Amino acid sequence: MKPVEWADRPRSGPLDVVVTGLPSDAHTWNLVFIQLLLEDLGHKVVNLGPCVPQDEIVESCCKFEPDLLVVSSVNGHGHHDAGPLIEAIRSRWELAGMRAVIGGKLGVGGPDRQRSGELVRAGYDAVFEDGGDLEAFSSYVGSMAVTP
Numbered sequence: 001m002k003p004v005e006w007a008d009r010p011r012s013g014p015l016d017v018v019v020t021g022l023p024s025d026a027h028t029w030n031l032v033f034i035q036l037l038l039e040d041l042g043h044k045v046v047n048l049g050p051c052v053p054q055d056e057i058v059e060s061c062c063k064f065e066p067d068l069l070v071v072s073s074v075n076g077h078g079h080h081d082a083g084p085l086i087e088a089i090r091s092r093w094e095l096a097g098m099r100a101v102i103g104g105k106l107g108v109g110g111p112d113r114q115r116s117g118e119l120v121r122a123g124y125d126a127v128f129e130d131g132g133d134l135e136a137f138s139s140y141v142g143s144m145a146v147t148p
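According to full-length UniProt numbering, the sequence shown holds residues 1 to 148 in order.
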């Protein structure tokens with residue numbers, strides 16, 4: 001049985017979403033864009049900002065109990081921080097039901113199916129590489145939303 005503070009919360013509307021950059025990524029515009037997109041879709045967003053240490057991302061997810069974690073990278077090195085981050089998230093029982101996606105420019109050589117597959121095998125629920133369809137991300141988020 002789960003402790004009271006971690007009991008499943010009833011859902012009847014928008015998703016709670018945490019948006020974050022990776023420790024090595026100082027870009028902000030992508031995080032603001034994703035926040036505004038998600039808010040326009042009717043979801044509640046906590047934007048942690050750029051250059052967020054891994055431990056802070058994990059603890060923020062434990063604190064805010066989001067339905068979805070969105071990790072965004074623009075610097076082309078996102079895949080370096082992505083693996084250890086999802087490993088830390090998946091090691092926490094409190095976050096077992098939380099979905100996590102990553103997107104943006106994750107490598108310097110452009111989109112890479114092999115890298116995307118590795119990130120999914122590592123624990124991400126979906127990968128949205130640079131140049132991908134924004135509608136695919138919106139559709140993914142929409143498929144998660146609970147309707148009353």
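Note that beta-carbon positions come from the ideal geometry of N, C-alpha and C, so glycine has one too.
All values reported here derive from a predicted model rather than from experimental measurement.
**Report entry** Helix, strand or coil at E65 [DSSP, three-state]
**Finding:** Three-state DSSP puts E65 in coil, outside helix and strand.
**Report entry** Backbone secondary structure at residue 150 - three-state DSSP
**Finding:** The question about residue 150 has no answer, for the chain in this structure spans 1 to 148.
Query - alpha helix (DSSP H) runs contained entirely in the stretch 86-131, provided each spans 4 or more residues - result: The DSSP assignment places complete alpha helix (DSSP H) segments of no fewer than 4 residues inside the stretch 86-131 at 113-122, in order along the chain.
**Report entry** Own chain partners of G104 with C-beta closer than 7 Å, once the 5 adjacent residues on each side are dropped
**Finding:** So the qualifying residues of the chain are N30, S72, S73, V74, G78, D130.
Query raised in the report: Roughly how many whole angstroms lie between the Cα atoms of M144 and L15?
Result: Using only the alpha carbons, I get a separation of about 8 Å.
Report task. State yes or no: is the C-beta of S46 within less than 7 Å of the C-beta of E39? Result -> The displayed chain sequence assigns Val, not Ser, to residue 46. Cβ atoms of V46 and E39: not closer than 7 Å.
Query raised in the report: DSSP three-state call for S73: helix, strand or coil?
Result: In the structure shown, the three-state DSSP call for S73 is strand.
Query raised in the report: Under the three-state reduction of DSSP, which class applies to V32: helix, strand or coil?
Result: The answer is helix: DSSP assigns V32 an H, G or I state.
Report task. Name the residue from F64, S60, L41 whose alpha carbon lies nearest to the alpha carbon of S139. Result -> Among F64, S60, L41, the Cα nearest to that of S139 belongs to L41.
Query raised in the report: Which two residues bound the contiguous beta strand (DSSP E) that contains G21?
Result: Counting along the chain, G21 sits inside the beta strand (DSSP E) bounded by residues 16-21.
**Report entry** Where the alpha helix (DSSP H) containing S138 begins and where it ends
**Finding:** First-last of the alpha helix (DSSP H) with S138: 134-144.
Query raised in the report: Taking one C-beta from the stretch 19-33 and one from the stretch 46-59 each time, how about it: are there three or more such pairs within less than 8 Å?
Result: Contact annotation: the stretch 19-33 touches the stretch 46-59, with at least three C-beta pairs closer than 8 Å.
Query raised in the report: Which of helix, strand or coil does DSSP assign to H27?
Result: If DSSP states are grouped into helix, strand and coil, H27 belongs with coil.
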